[in-house]
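Chemist: Using the UniProt record's numbering, the letters of the sequence shown correspond one by one to residues 1 to 381. Even glycine gets a Cβ: it sits at the ideal position worked out from N, Cα and C.
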Amino acid sequence: MVGDMTYANQYRTTGGRGVPCFSCSFPDAPLRESYQPRWDGWGRFMESLTSRIPMMVIEGNHEIEPQGHGGAVTFASYLARFAVPSEESGSNSKFYYSFNAGGIHFIMLGAYVDYNQTGAQYSWLQKDLRKVDRRVTPWVVAAWHPPWYNSYSSHYQEFECMRQSMEGLLYQHGVDIVFSGHVHAYERMNRVFNYALDPCGPVYITIGDGGNIEKIDIDHADDPGKCPGPSDNHPEFGAVCHLNFTSGPAKGMFCWDRQPEWSAFRESSFGHGILEVVNSTYALWTWHRNQDAYGEDSVGDQIYIVRQPDKCSLQQTTTTSASSDNTCPSEGKCASPMSNSSRSGAPKVIRSGGYLLWNASVVIWMVLFSFVFRGDACSHS
1 MVGDMTYANQ YRTTGGRGVP CFSCSFPDAP LRESYQPRWD GWGRFMESLT
51 SRIPMMVIEG NHEIEPQGHG GAVTFASYLA RFAVPSEESG SNSKFYYSFN
101 AGGIHFIMLG AYVDYNQTGA QYSWLQKDLR KVDRRVTPWV VAAWHPPWYN
151 SYSSHYQEFE CMRQSMEGLL YQHGVDIVFS GHVHAYERMN RVFNYALDPC
201 GPVYITIGDG GNIEKIDIDH ADDPGKCPGP SDNHPEFGAV CHLNFTSGPA
251 KGMFCWDRQP EWSAFRESSF GHGILEVVNS TYALWTWHRN QDAYGEDSVG
301 DQIYIVRQPD KCSLQQTTTT SASSDNTCPS EGKCASPMSN SSRSGAPKVI
351 RSGGYLLWNA SVVIWMVLFS FVFRGDACSH S
């Protein structure tokens, strides 16, 4: 679960809703503080799920919950209520850690603690990525709360500093998929690195559409009159690194004038996604709208994500052109590493021919994902 579990910070200690921001022009209005019964209620609500299915969490901005004089105490509820394998993964911090599940190495990063290249989190990430054994966990999936790639007006370029600090390291070590929330909508990116299409970059997915007490985000930064100003969207932690694009169709501009080429699919609907890892090469990502009747043919977005370790060498320093030579693991056309999704006639994952190695579930930002690692469902060298 990638942050923003309860929105308890939007309530006063007496239980009523506070004003919507800490810097409003109503100095006498009671500010949001934190209401712990909201946390307790959320825990009871989730108990039937979490008592049977493991769940890992990472902090979001609504977990900051500044308390005490001057807001000196932060993340008290998050730190007290969740147990994560921080010591086991060598980080010794609940704000960032990693774990293995089946054939996937998961990396959970903290956007609201130091992410600079001279800091402890970056140093830990370097060591963690170096230790990944792709023979055991061929897939590497990272998650943190605010997205780096985002074409919505909300939170546009908000965590550009974090991207500039850490993106190169993830790219060099061949991270496959990145999940984020924060933006209350759905968006899937084409493979991208440093705002340029790159067949060896990760697939970034914003899955912040699981539901909230605020609203769904509908405005895009490329819509007429919806481009935020450089002084907007300041992060709740860290510096501001807003930039104008230096190349491509948006050269010299802060926002694109159309959907960016790195944005493959976006929609302002509440929903949930399922990532099915078929084998060491293929994973099927499917996004469903909540309002649609659930079924294999009622998908909002679906695409095969293809690993190409032979074409995208680990710890790479230059962009490599790549295309998959493997056979698609199902009937129909397999989506290429750079292609948009097929919203109709999408390929179906093979349900036979392999054997189940691992089955677990992970909740990411109020969205349930089912991660399945199967044996090879088709023969390939």
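Would you say I207 and G273 are within 8 Å of each other, going by their C-beta atoms?
Modeler: Within the sequence shown, numbered from 1, the residue matching residue 207 stands at position 207. Within the sequence shown, numbered from 1, the residue matching residue 273 stands at position 273. Yes.
Chemist: With the cut-off set at 8 Å, would you say R228 and Y156 are in Cβ contact?
Modeler: Translated into the one-based positions of the sequence shown, residue 228 becomes position 228. Translated into the one-based positions of the sequence shown, residue 156 becomes position 156. Per the sequence presented here, residue 228 reads as Pro, with Arg not at that position. Going by C-beta atoms, P228 is nearer than 8 Å to Y156.
Chemist: Let me check one thing: in DSSP terms, what residues is residue 386 bridge-paired to?
Modeler: Only positions 1 to 381 of the chain appear in the structure, and residue 386 is not among them; the question remains open.
Chemist: Once DSSP output is grouped into helix, strand and coil, what is the label at H173?
Modeler: As a first step, residue 173 is located in the sequence shown; it is residue number 173 there, counting from the start. Of the three classes helix, strand and coil, the one that applies to H173 here is coil, per DSSP.
Chemist: Please classify G41 as buried or exposed, where buried requires at least 16 other C-beta atoms within 10 Å of its C-beta.
Modeler: Position 41 of the sequence shown, counted from the first residue, corresponds to residue 41. Exposed, by the Cβ-count rule.
Chemist: Could you tell me whether the Cβ atoms of S151 and R266 are closer together than 8 Å?
Modeler: In the sequence shown, counting from the first residue as 1, residue 151 sits at position 151. In the sequence shown, counting from the first residue as 1, residue 266 sits at position 266. Yes, Cβ-Cβ distance for S151 and R266 is below 8 Å.
Chemist: Report yes if the C-beta distance between C241 and C312 is below 8 Å; otherwise report no.
Modeler: Counting from 1 along the sequence shown, the entry for residue 241 is found at position 241. Counting from 1 along the sequence shown, the entry for residue 312 is found at position 312. No, Cβ-Cβ distance for C241 and C312 is not below 8 Å.
Chemist: Here's the rule I'm using: 16 or more other beta-carbon atoms within 10 Å means buried, otherwise exposed. How should E63 be labelled?
Modeler: Position 63 of the sequence shown holds residue 63. That one is buried.
Chemist: Which ranges does the beta strand (DSSP E) cover as unbroken runs of at least 3 residues, wholly within the region 197-232, from first to last along the chain?
Modeler: Contiguous beta strand (DSSP E) elements confined to the region 197-232 occur at 203-207, taking only those with 3 or more residues.
Chemist: Count the C-beta pairs between the region 273-285 and the region 213-220 that are closer than 8 Å, then say yes if the count reaches three, no if not.
Modeler: no
Chemist: DSSP three-state call for E187: helix, strand or coil?
Modeler: As a first step, residue 187 must be located in the sequence shown, where it is residue number 187. Three-state result, E187: strand.
Chemist: If we count the other Cβ atoms within 10 Å of its Cβ and call it buried at 16 or more, is R135 buried or exposed?
Modeler: To locate residue 135, count along the sequence shown from 1; it is residue 135. That one is exposed.
Chemist: Under DSSP, the beta strand (DSSP E) around G41 begins and ends at which residues?
Modeler: As a working mapping, residue 41 is identified with position 41 in the sequence shown. That residue, G41, is in no beta strand (DSSP E); its alpha helix (DSSP H) goes 36-50.
Chemist: With H, G and I counted as helix, E and B as strand and the rest as coil, what does DSSP make of H62?
Modeler: Translated into positions along the sequence shown, residue 62 becomes position 62. Three-state result, H62: helix.
Chemist: Please look up how many angstroms separate the CB atoms of S123 and A185, rounded, as I've assumed it's under 8 Å.
Modeler: For the purposes of this step, residue 123 is identified with residue 123 of the sequence shown, where counting begins at 1. For the purposes of this step, residue 185 is identified with residue 185 of the sequence shown, where counting begins at 1. Actually they do not touch by this definition, with Cβ atoms about 34 Å apart.
Chemist: What are the start and end residues of each continuous beta strand (DSSP E) run of 3 or more residues lying completely inside the region 245-309, in chain order?
Modeler: Fully enclosed beta strand (DSSP E) runs of 3 or longer: 263-267, 271-277, 282-289, 301-306.
Chemist: State the beta-bridge partners of V73 as determined by DSSP.
Modeler: The count along the sequence shown starts at 1 and reaches residue 73 at position 73. Q67, per the DSSP bridge assignment.
Chemist: Need the endpoints of the alpha helix (DSSP H) that Y122 sits in, please.
Modeler: Locating residue 122 in the sequence shown gives position 122, counting from the first residue. Residues 120-131.
Chemist: Taking the C-alpha atoms as reference points, what is the distance between P138 and G103?
Modeler: What you label residue 138 is simply residue 138 of the sequence shown in a count that begins at 1. What you label residue 103 is simply residue 103 of the sequence shown in a count that begins at 1. Distance between the alpha carbons of P138 and G103 is about 6 Å.
Chemist: Check the C-beta distance from P146 over to H182 and give it rounded, since I have them as a contact under 8 Å.
Modeler: Counting from 1 along the sequence shown, the entry for residue 146 is found at position 146. Counting from 1 along the sequence shown, the entry for residue 182 is found at position 182. So it is a contact: roughly 4 Å between Cβ atoms.
Chemist: Which class does S151 belong to by DSSP, given the choice of helix, strand or coil?
Modeler: By 1-based counting over the sequence shown, the position of residue 151 is 151. Correct three-state label for S151: coil.
Chemist: Could you give the distance in angstroms between the alpha-carbon of S324 and the alpha-carbon of Q67?
Modeler: Translated into the one-based positions of the sequence shown, residue 324 becomes position 324. Translated into the one-based positions of the sequence shown, residue 67 becomes position 67. In this prediction, S324 has a pLDDT of 33, which is less than 50 and means its spatial position is unreliable; what the coordinates show is noted afterwards. Each residue's alpha carbon lies about 52 Å from the other.
Chemist: Alpha carbon to alpha carbon, what distance is there between H105 and D133?
Modeler: In the sequence shown, residue 133 corresponds to position 133, counting from 1. In the sequence shown, residue 105 corresponds to position 105, counting from 1. Their Cα atoms are separated by approximately 9 Å.
Chemist: In three-state DSSP terms, what is N9?
Modeler: In the sequence shown, the residue the question calls residue 9 occupies position 9. Correct three-state label for N9: helix.
Chemist: On a CA-only basis, which of N244, A221, W262 is nearest V203? Give me that one, please.
Modeler: For the purposes of this step, residue 203 is taken as residue 203 along the sequence shown, with counting starting at 1. Comparing Cα positions, the closest option is W262.
Chemist: For T320, collect the residues of the same chain with a Cβ closer than 8 Å to its Cβ; drop the 5 residues on either side in sequence, then sort them by chain order.
Modeler: Numbered from its first residue, the sequence shown carries residue 320 at position 320. Because T320 sits at a pLDDT of 31, beneath the cut-off of 50, its placement in the model cannot be relied upon, and the point is left open.
Chemist: Examine chain D for any beta-carbon lying closer than 8 Å to the beta-carbon of R38, and answer yes or no.
Modeler: The question asks about chain D, but that chain is absent: this structure has only one protein chain.
Chemist: For R343, I'd like the list of residues in its chain whose CB is within less than 6 Å of its CB, leaving aside the five on either flank, ordered along the chain.
Modeler: Numbered from 1 along the sequence shown, position 343 holds the residue referred to as residue 343. Confidence at R343 is low in this model, with a pLDDT of 40, below 50, so the placement of that residue should be treated as unreliable; the coordinate-derived value is given next. Answer for R343: no residue qualifies.
Chemist: What is the DSSP secondary structure of S165, counted as helix, strand or coil?
Modeler: For this step, residue 165 is matched to residue 165 along the sequence shown. Correct three-state label for S165: helix.
Chemist: Are the Cβ atoms of M56 and M108 separated by less than 8 Å?
Modeler: One-based indexing of the sequence shown puts residue 56 at position 56. One-based indexing of the sequence shown puts residue 108 at position 108. Yes; because the gap between Cβ atoms is below 8 Å, this pair is in contact.
Chemist: Quick check: G3 and E59, are their CB atoms within less than 8 Å of each other?
Modeler: One-based indexing of the sequence shown puts residue 3 at position 3. One-based indexing of the sequence shown puts residue 59 at position 59. Contact: yes.
Chemist: Whose CA, out of S77, Q291, W285, lies closest to the CA of I305?
Modeler: Residue 305 sits at position 305 when you count from the first residue of the sequence shown. Closest by alpha carbon: W285.
Chemist: Between the beta-carbon of D209 and the beta-carbon of G271, is there less than 8 Å?
Modeler: As a working mapping, residue 209 is identified with position 209 in the sequence shown. As a working mapping, residue 271 is identified with position 271 in the sequence shown. Yes. Within cutoff.
Chemist: Let's test the definition: count the other Cβ atoms within 10 Å of the Cβ of E65 and tell me whether it reaches 16, buried, or not, exposed.
Modeler: Taking the first residue of the sequence shown as 1, we reach residue 65 at position 65. The residue in question, E65, is buried, as its Cβ has 16 or more Cβ neighbours within 10 Å.
Chemist: Look up L368 in the DSSP assignment and say whether it is helix, strand or coil.
Modeler: In the sequence shown, residue 368 corresponds to position 368, counting from 1. In this predicted model, L368 has a pLDDT of only 38, less than 50, meaning its place in the structure is not dependable enough to derive any value.
Chemist: Nearest by alpha-carbon distance to P116: which of S48, L169, F99, F179 is it?
Modeler: Taking the sequence shown and counting its residues from 1, one reaches residue 116 at position 116. Correcting the residue identity first, residue 116 is Asn in this sequence and not Pro. With distances taken between Cα atoms, N116 lies closest to L169.
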